[in-house]
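In this note's numbering, the protein residues as written are 526 to 761. This report refers to the structure that appears directly beneath it.
Below you can see the structure in the form of structure tokens.
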């Protein structure tokens, strides 16, 4: 299982939301590219970028467009506001290794013929239901229908967030993670991760291939220089 640092931007600033709520936002006094440089130097091989402006229907963050070219040795994946096939294709053309989006939930057929290895499905659960559009709305169709449609298209990688745990440092939402893994998806687990013990616990969960870590790194609860984290910085 691979540790995947996460960087969320809102208005060009490094932030974390609690439960995905823009009114419950913590802002960090960090320069985004300097923070990324530190992650790369510490050995991060894959980094998850979240464009919160795009997620809330505003113009995309211009900074993100140049990041893959600056650190070509790192695999970057991008999420936030990629709600059309064209937006997904543009992000891939900009050099992102993979894109993450709820387009998969709203209109899965639009993903047809895209390379499955470069699409990470955003399967985010709120009160036990798939949600979309910056976690502000529940999906219109039944979860089982979405899972079946995505599997039929050949997609099997998913980033799973238990919205009720996101930004809380209360531990991963194992019920949501296990639910999606049982559907046959390889899961990047996101939300609530606190410490090395949480990482070790996730590594023992069937189907979990990655752990997204944001606030715990920003607030120093986890440090990539810790020897205990080294086994989690490899992967694919």
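No residue lacks a Cβ here, since even glycine has one placed at the ideal position from N, Cα and C. This one's a predicted model, so the numbers in the text were calculated from it and none came from an experiment.
Helix, strand or coil at residue i [DSSP, three-state]
{"i": "residue 533", "result": "strand"}
{"i": "residue 723", "result": "helix"}
{"i": "residue 541", "result": "strand"}
{"i": "residue 547", "result": "strand"}
{"i": "residue 642", "result": "helix"}
{"i": "residue 599", "result": "coil"}
{"i": "residue 753", "result": "helix"}
{"i": "residue 684", "result": "strand"}
{"i": "residue 667", "result": "coil"}
{"i": "residue 715", "result": "strand"}
{"i": "residue 662", "result": "strand"}
{"i": "residue 571", "result": "strand"}
{"i": "residue 747", "result": "coil"}
{"i": "residue 648", "result": "strand"}
{"i": "residue 655", "result": "strand"}
{"i": "residue 736", "result": "strand"}
{"i": "residue 636", "result": "helix"}
{"i": "residue 758", "result": "coil"}
{"i": "residue 615", "result": "helix"}
{"i": "residue 679", "result": "coil"}
{"i": "residue 576", "result": "strand"}
{"i": "residue 528", "result": "strand"}
6 Å Cβ shell around residue i - same chain, five flanking residues per side excluded
{"i": "residue 690", "result": "698, 716, 717"}
{"i": "residue 742", "result": "530"}
{"i": "residue 656", "result": "649, 663"}
Proximity of residue i and residue j at Cβ, strictly below 9 Å
{"i": "residue 593", "j": "residue 619", "result": "yes"}
{"i": "residue 682", "j": "residue 641", "result": "yes"}
{"i": "residue 538", "j": "residue 547", "result": "no"}
{"i": "residue 646", "j": "residue 607", "result": "no"}
{"i": "residue 695", "j": "residue 719", "result": "yes"}
{"i": "residue 663", "j": "residue 705", "result": "no"}
{"i": "residue 651", "j": "residue 685", "result": "no"}
{"i": "residue 602", "j": "residue 702", "result": "no"}
{"i": "residue 541", "j": "residue 553", "result": "yes"}
{"i": "residue 653", "j": "residue 545", "result": "no"}
{"i": "residue 596", "j": "residue 628", "result": "no"}
{"i": "residue 611", "j": "residue 658", "result": "no"}
{"i": "residue 527", "j": "residue 680", "result": "no"}
{"i": "residue 590", "j": "residue 622", "result": "no"}
Contacts around residue i, its chain only, beta-carbon distance under 7 Å, and the 5 residues preceding and following it disregarded
{"i": "residue 637", "result": "678"}
{"i": "residue 750", "result": "567"}
{"i": "residue 531", "result": "573, 575, 737, 738, 739"}
{"i": "residue 748", "result": "none"}
{"i": "residue 617", "result": "624, 643"}
{"i": "residue 549", "result": "542, 543"}
{"i": "residue 723", "result": "696, 697"}
Presumed contact (8 Å Cβ cut-off) between residue i and residue j, rounded CB distance
{"i": "residue 570", "j": "residue 579", "result": "So it is not a contact: roughly 25 Å between Cβ atoms."}
{"i": "residue 643", "j": "residue 624", "result": "7 Å"}
{"i": "residue 516", "j": "residue 754", "result": "There is simply no residue 516 to check, as the chain begins at 526 and stops at 761 in what is shown."}
{"i": "residue 708", "j": "residue 672", "result": "5 Å"}
{"i": "residue 577", "j": "residue 533", "result": "6 Å"}
{"i": "residue 626", "j": "residue 613", "result": "6 Å"}
Residue i CB to nearest heavy atom of the ligand PLP below 8 Å
{"i": "residue 584", "result": "Ligands are entirely absent from the displayed structure, and the ligand PLP is therefore not among its contents."}
Exercise for review: Taking 8 Å as the threshold, find out whether the segment 702–713 comes into contact with the segment 724–743 through three or more Cβ pairs.
Suggested key: The segment 702–713 is in contact with the segment 724–743.
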